[in-house]
Every structure is written in structure tokens, then in C-alpha cells.
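Peer 1: Got a structure for you, questions after.
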Amino acid sequence: MKKSTKLFFFVLSYLCLYNGFSQDLTQQIIPNRTNSQEQQQKPYVILISADGFRADFTDKYQAKNLRKLSNDGVTASFMLPSFPSLTFPNHYSIVTGMYPSHHGLVDNSFYDAQRQENYGMSNKKAVADGSWYGGTPLWVLAEKQQMLSASFYWVASESNIQGILPTYYYNYNEKIDIDTRIQTVKNWLQLPEDKRPHIITFYFPEVDHEAHTYGPDSKETEEAVHFVDKSIGKLVATVDSLHLPINFVFVSDHGMTKVENEHPMLLPAAIDPTKFIIPRGDALLQLYAKDKKDILPTYKALKKEAKDFDVYLKKDIPSRWHYAKKDDKYNRIGDILLVPHLPKVFGITGKSTTPGKHGFDPALEDMHATFFAWGPAFKSQTKIDGFENVNIYPMISKILGLKYEHKIDGKLKVLDGILKK
Numbered sequence: 032m033k034k035s036t037k038l039f040f041f042v043l044s045y046l047c048l049y050n051g052f053s054q055d056l057t058q059q060i061i062p063n064r065t066n067s068q069e070q071q072q073k074p075y076v077i078l079i080s081a082d083g084f085r086a087d088f089t090d091k092y093q094a095k096n097l098r099k100l101s102n103d104g105v106t107a108s109f110m111l112p113s114f115p116s117l118t119f120p121n122h123y124s125i126v127t128g129m130y131p132s133h134h135g136l137v138d139n140s141f142y143d144a145q146r147q148e149n150y151g152m153s154n155k156k157a158v159a160d161g162s163w164y165g166g167t168p169l170w171v172l173a174e175k176q177q178m179l180s181a182s183f184y185w186v187a188s189e190s191n192i193q194g195i196l197p198t199y200y201y202n203y204n205e206k207i208d209i210d211t212r213i214q215t216v217k218n219w220l221q222l223p224e225d226k227r228p229h230i231i232t233f234y235f236p237e238v239d240h241e242a243h244t245y246g247p248d249s250k251e252t253e254e255a256v257h258f259v260d261k262s263i264g265k266l267v268a269t270v271d272s273l274h275l276p277i278n279f280v281f282v283s284d285h286g287m288t289k290v291e292n293e294h295p296m297l298l299p300a301a302i303d304p305t306k307f308i309i310p311r312g313d314a315l316l317q318l319y320a321k322d323k324k325d326i327l328p329t330y331k332a333l334k335k336e337a338k339d340f341d342v343y344l345k346k347d348i349p350s351r352w353h354y355a356k357k358d359d360k361y362n363r364i365g366d367i368l369l370v371p372h373l374p375k376v377f378g379i380t381g382k383s384t385t386p387g388k389h390g391f392d393p394a395l396e397d398m399h400a401t402f403f404a405w406g407p408a409f410k411s412q413t414k415i416d417g418f419e420n421v422n423i424y425p426m427i428s429k430i431l432g433l434k435y436e437h438k439i440d441g442k443l444k445v446l447d448g449i450l451k452k
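For the sequence shown, position 412 matches number 443 in the numbering used here, and the numbering has no gaps at all.
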């Protein structure tokens, strides 16, 4: 099969994975909700994620709108994803203030032994099932305190979590053009005060798509960065005309790196696939033993075989990842973890894969994510060092005056200094 043909079929399957969700293009509205009088006086936050927007992409690809907006507000040298540096775990960490081991989305695909079920981001039924999700997302926190929320896509925003969905939301699809999406945000902010959302989430998939398919150094990735940058410029100009106290937080979930994609590593010979449940993975392979007695012999055999990957028992996973057995609140982390050495990745089918990947150690520079913030709540022309993404939650909660009593991993003190007093 020609290389171009193989690439076509991979892209097709990748898009099918993301578009496996409902293609319902209509806005979903939960009736009979209003902002309380107190919440009507609060400012607004638009939380924007550009999937896969590596920390250096703004400068590398000269994203002029983001450069200007961030220079006028707050710029972090980078934002540290939670482990693993994957889309679903990190988007949910950003809106819950919790590490993946604590909120339950421990991977894009994983197995829950107690439920005897697999969760996967292409599994529409599981994704929409709120019982998979721990923590209290920002929109749930807001709605519980009678502040309305809206989402134009975010991980778990279509899920009934603690019996609550955003007041306004869309089922994930990639059919709605960006101008329509921006106009919808403006429409939300023009609603009567008792019906107007004060926390809005907004998601861009384009950079991740192109960086996976063509690599982070490709022309296609550069064009995707420019698309996001131009769209941010349009969005800001559109809502600025409303003269509301709107605060913008622009983030990404992870970075992206180039890997050896033509010859990925096969499933190690030490693993008997009949004895383990092995969800899909390339930068991280999780093994769930069907019989616990198979864990130690397999681990010992893997240690002898390991050359281009590290192998861990769950109890021995590095503490800085917050991913060991003691952290695993929902018992969803694999019994054995295999972590490849860059630029190697796993490809257990033996077929070539895409050149762009993430999911590796968040400390690696190529995994670093982006953080910018601007608006009336933020100091201007402020530069800060890198920080963990779980610290966004308490900061946004403070801006909106939302209270929380449940335990989170994020600390307000980390980002409190970027807020005006």
C-alpha cells in the first residue's frame, strides 16, 4: 500500500474516532434555570482550549493575536500537564483542579475492574455517562450556586455529572463553522442578565489534528496555529463590543513531539495478550491483569526485555506523576505500565502510525502546554514561571466568587498573584 494511501486511511480513522460522538448540531438548553441576583453581578470567564497547542507554538509560528493579547495580560513560560499528557485526562484536570488519578479519567482509554467496563473517548455511551467522572467541573460548581454556564465543547460537558449539565451546550461535532461558534458565544452574552452564562468553555481541535497527522514542525500545523490565532482575534473583537467584564483564559491540554512512526514497537514478547486487558495506547501502555498472579512474572520478564521503554508496577510509578497505586482513587490505573523512550512509541498492530504524539512525561519540554490570560481580573504585562494545570480551577473559582469545600489538588496561592487585588 502506498504511503499516501496509508496516511489517508489513518486520517479517516482518526476523524471517525473524534466524530464518533453525536452529530446533532443543535444547541442543548436546560430549561427553567436563572442566575441568582447575586450571580448577575459577577464578571465573566471564557475558558478556551486549543488541543495540542505546545508552549512554544505562539512564538514558533508567530501567532500575532495571541502574542498581543498575552503580552497585554499574563503569560506563563509553560503550563505543566498532568500525567499522562493526553487529551481527556488533562481537559478534565483543568476544569476540576484534580489529577487524573483523583478525578477518574486516567487515560483516553482505560479499564475499570469494578465496573468490568472499558472507557474510551470514542465510546459515545461511556463518554456521556456521568458516573465515570469524579470531581466537580467548573460548570457544575457554578450551576450549584445558581450561576449559569455554557459550553461550546469540553471533555465531559455532555455528561450528566452529579445530575447537572451546563445550561447551554453542544454535543461534540466538527461540523459547525468557527464564525457560527463565535456568534453563538456573543448571543449567549447578549441574553438577559438572568439567562446569561458567566462561565463559558470553548474548544479548538485543529492544532492537535494536524500536529498528529503531519508532525509538530509541519506547514499544516503552522496553518492550524494561524487558524486558532485568527479565530481568537475574531472572538475577542466580537465580545469586546459588548463592553462586559469578560476574562479570557487560553490554555492547551498538552504539547506534541515528533516520533519514529514508521516502525513503532510491537507488543513485547513477555506479554501474553490472553492474560491482560490492553486498551489502546502508544505513548503509554497499560496492562490490566485478568488474574493478579500473572502480574509479577510478567513484570519480571518485561524488565529483562525492556530496552526502549520503562516498565513499572503500579506501586512503583514515580511520585511526581501522582499516578501510583496510593493515588488511584477509582482503581483504574493498569497493574503494569510501559512508557516508551522518545522517539519510540508503541504500535501493537505493527502498522506505521502518525509522526506527532503526546502522552509522555509532562516534564519533557515538548509536552509543555500553553497558558495565557487577559481581562479586567488579570494584571497586565505579567510573566510567570511554569505551573501545573490543576491550579487553574481555584483561580477561576475566585474570579467568579464560587465557593468549593471538596478537596482538590490545585492551590489558589499558585496563581493568586496574577489577579488584580
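Cβ atoms here follow ideal geometry from the backbone N, Cα and C, with glycine treated the same way.
Could you have a look at LYS388 and say whether DSSP puts it in helix, strand or coil?
Peer 2: Of the three classes helix, strand and coil, the one that applies to LYS388 here is strand, per DSSP.
Peer 1: Do ASP359 and LYS345 have their beta-carbon atoms positioned less than 8 Å apart in this structure?
Peer 2: Yes. Within cutoff.
Peer 1: Just to confirm my understanding: we take GLY161, look at its own chain, exclude 5 residues before and 5 after, and list those with CB closer than 6 Å. What are they?
Peer 2: Excluding residues within five positions, the ones whose Cβ falls inside 6 Å are SER190, ASN191 and ILE192.
Peer 1: Going straight from the alpha carbon of ILE213 to that of ASN96, what length do you get?
Peer 2: The alpha-carbon atoms of ILE213 and ASN96 are separated by roughly 16 Å.
Peer 1: Is the stretch 281-294 in contact with the stretch 79-90, if contact means three or more CB pairs nearer than 8 Å?
Peer 2: Contact holds: three or more Cβ-Cβ distances are below 8 Å.
Peer 1: Do ASP339 and MET296 count as a contact pair if the criterion is CB distance below 8 Å?
Peer 2: Yes, they are a contact pair.
Peer 1: Around the C-beta of ASN63, are 16 or more other C-beta atoms found within 10 angstroms, so that it is buried, or is it exposed?
Peer 2: Its Cβ having fewer than 16 others within 10 Å, ASN63 is exposed.
Peer 1: Are the beta-carbon atoms belonging to LEU196 and LYS226 less than 8 Å from one another?
Peer 2: Cβ distance not < 8 Å, so LEU196 and LYS226 don't count as in contact.
Peer 1: Quick one: Cα of LEU275 to Cα of HIS243, how far?
Peer 2: If I take the Cα positions, the gap works out to 37 Å.
Peer 1: Return the Cβ separation of PRO1 and SER140 in integer angstroms, given the expectation that the two are a contact with Cβ distance under 8 Å.
Peer 2: Here the chain covers residues 32 to 452 and nothing more, so residue 1 does not appear.
Peer 1: Determine, using beta carbons only, whether VAL280 and ILE423 come nearer to each other than 8 Å.
Peer 2: Cβ atoms of VAL280 and ILE423: closer than 8 Å.
Peer 1: Given this structure, state the Cα-to-Cα distance separating LYS91 from LYS250, to the nearest angstrom.
Peer 2: Answer to the nearest angstrom: the Cα atoms are 12 Å apart.
Peer 1: I need the boundaries of the alpha helix (DSSP H) containing LEU100, first residue and last residue.
Peer 2: 95-103 is the span of the alpha helix (DSSP H), which, as asked, contains LEU100.
Peer 1: With distances taken from CA atoms, which of LYS375, VAL270, GLU419 and TRP405 is nearest ASP313?
Peer 2: The shortest Cα separation from ASP313 among LYS375, VAL270, GLU419 and TRP405 belongs to LYS375.
Peer 1: Suppose you measure from the CA of PRO112 to the CA of VAL137; what does that come to, to the nearest Å?
Peer 2: C-alpha separation (whole angstroms): 13 Å.
Peer 1: Note down the Cα distance separating GLN93 from GLU205, rounded to an integer number of angstroms.
Peer 2: Approximately 26 Å between the Cα atoms of the pair.
Peer 1: Since LEU78 and THR232 should fall inside the 8 Å C-beta cutoff, what is the C-beta to C-beta distance between them, to a whole number of angstroms?
Peer 2: Indeed, because the Cβ distance is near 5 Å, the residues count as touching under 8 Å.
Peer 1: Cα separation between LYS414 and VAL105?
Peer 2: Distance between the alpha carbons of LYS414 and VAL105 is about 6 Å.
Peer 1: Extract the residue ranges of the alpha helix (DSSP H) inside the stretch 345-399, only unbroken runs of 4 or more that lie entirely within it.
Peer 2: Those alpha helix (DSSP H) runs which fall completely within the stretch 345-399 and span 4+ residues do not exist here.
Peer 1: Confirm, please, whether the CB-CB distance from GLN176 to LYS388 is below 8 Å.
Peer 2: No, the pair does not count as a contact, with Cβ atoms beyond the cut-off.
Peer 1: Do the CB positions of VAL290 and PRO386 come within less than 8 Å of each other?
Peer 2: Yes, they are a contact pair.
Peer 1: Excluding the 5 residues flanking LYS442 on each side, which residues of the same chain have their C-beta closer than 8 Å to its C-beta?
Peer 2: The answer, listed in chain order, is ASN422 and PRO425.
Peer 1: Give the single residue among ALA332, ALA355, LYS73 and ALA301 whose Cα lies nearest to the Cα of ILE427.
Peer 2: Ranking ALA332, ALA355, LYS73 and ALA301 by Cα distance to ILE427 puts LYS73 first.
Peer 1: Alpha carbon to alpha carbon, what distance is there between GLY166 and THR127?
Peer 2: Between THR127 and GLY166, the C-alpha separation is close to 6 Å.
Peer 1: Identify the residues that DSSP records as bridge partners of TYR343: which are they?
Peer 2: The partner list for TYR343 (beta bridge, DSSP) reads LEU368.
Peer 1: How long is the line joining the alpha carbons of ALA301 and ALA144, rounded to whole angstroms?
Peer 2: Between ALA301 and ALA144, the C-alpha separation is close to 23 Å.
Peer 1: On the three-state DSSP scale, how would you describe MET426?
Peer 2: DSSP places MET426 in helix when its eight states are reduced to three.
Peer 1: Under a three-way DSSP split, which group does LEU38 fall into?
Peer 2: Because the pLDDT of LEU38 is 44, which lies under 50, any placement of that residue in the model is unreliable, and the number read from its coordinates should be weighed accordingly. Three-state DSSP puts LEU38 in a helix.
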